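Take a look at the structure set out below.
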Ligand SMILES: *[C@@H]1O[C@H](CO)[C@@H](O)[C@H](O)[C@H]1NC(C)=O
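Residue numbers (mature numbering (1 follows the signal peptide of the UniProt record, and there is no 0)): -18 to -1, 1 to 221.
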């Protein structure tokens, strides 16, 4: 696989409102074979262009007041993709190929969306961040067998210029099952993997430990206040 083909050329616009209450982002990027157009708000993906389905996708859940961008947004994204790919060619010639800049993912995290209940549908999340260039590939196994049906969002830009992506897999927790997400990136010779094991402890209630801990802490605190008050009064009497 040629490195050049994967090199993702990215330009992005970051607009922060004057009082920095909200942060709005538009990402425009491409490689020779791929591209991205995404609009985000406060770290959430509002919409992105799906160049296979040939339409804008609005991934937010339905409890958000539904909205759409004006007609022609997808067509504009396609035009931007062509411009980006043209720029990529020009810049590559002009700069006699880009200096290689690769950062492997700085973190891969695996966790469940909801608290684990055996036999209750849940979602496994594999969150990858800190990589450059985008994208990463994420694949899943269950008990060492490949599983399909996972989804991944388009790359989102971090403040430091690196990217993050999140892959999701629907699953039903069964005691002892072992899930693994494997992350591929241009900078890695072999995939980074994280393991999630469905354990009995996931379900057990925390017992009396926390209440005892809280009780002892509270008692010590109250004793402290009482002793402090005692010496305060004593001190005042003496003077
Ligand atoms: C991701 O997978 C695609 C399809 O298998 C492959 O062409 C591409 O090189 C992979 N990308 C990375 C970063 O490994």
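Ideal Cβ positions, reconstructed from N, Cα and C, are used throughout, including at glycine. Predicted model, so just to flag it, every value in this text is computed and none were measured.
Check, Outcome
"Count the other CB atoms within 10 Å of the CB of residue 147; is the residue buried (16 or more) or exposed (fewer)?", "buried"
"How about residue 135 and residue 112: are their beta carbons less than 8 Å apart?", "no"
"Quick one: is residue -3 buried, meaning 16 or more other Cβ sit within 10 Å of its Cβ, or exposed?", "With a pLDDT of only 45 at residue -3, under 50, the local geometry of the prediction cannot be trusted, and the value read off the model is given with reservation. Result: exposed."
"Over the uninterrupted alpha helix (DSSP H) stretch that includes residue 101, give me the two end residues.", "First-last for residue 101: undefined, no H or E at that position."
"Can you tell me whether residue 104 sits near ligand 1, meaning its C-beta is under 7 Å from at least one heavy atom of the ligand?", "no"
"Is it the case that the segment 158 to 178 contacts the segment 59 to 70, given that we only count it when at least three CB pairs across the two stretches are under 8 Å?", "no"
"Which residues in the same chain have their Cβ closer than 6 Å to the Cβ of residue 32, if we skip the five residues on either side of it in sequence?", "39"
"Which residues does DSSP pair with residue 148 in a beta bridge?", "109"
"From residue 217 to residue 210, what does the alpha carbon distance come to, in whole angstroms?", "10 Å"
"What's the gap between the Cα of residue 152 and the Cα of residue 13?", "30 Å"
"Hey, could you find the ends of the alpha helix (DSSP H) residue 128 is sitting in?", "Per DSSP, residue 128 belongs to no alpha helix (DSSP H); it is in the beta strand (DSSP E), 127 to 129."
"Taking all protein chains shown into account, decide if residue -17 is buried (16 or more other Cβ within 10 angstroms of its Cβ) or exposed.", "The predicted model places residue -17 with a pLDDT of 39, which falls under 50 and marks its position as unreliable, so this point remains unresolved."
"Where does residue 90 sit, in a helix, a strand or coil, going by DSSP?", "strand"
"Under 7 Å from any heavy atom of ligand 1, does the C-beta of residue 174 make it?", "no"
"Straight-line CA distance for residue 145 to residue 101?", "34 Å"
"Our contact map puts residue 114 next to residue 83 with C-beta atoms below 8 Å; I'd like the distance itself, whole angstroms only.", "6 Å"
"For the beta strand (DSSP E) containing residue 166, list its first residue and its last residue.", "160 to 166"
"Whose C-beta lies closer than 8 Å to the C-beta of residue 155 among residues of the same chain, with five residues either side of it excluded?", "94, 98, 99, 100, 101, 102, 104, 180, 184"
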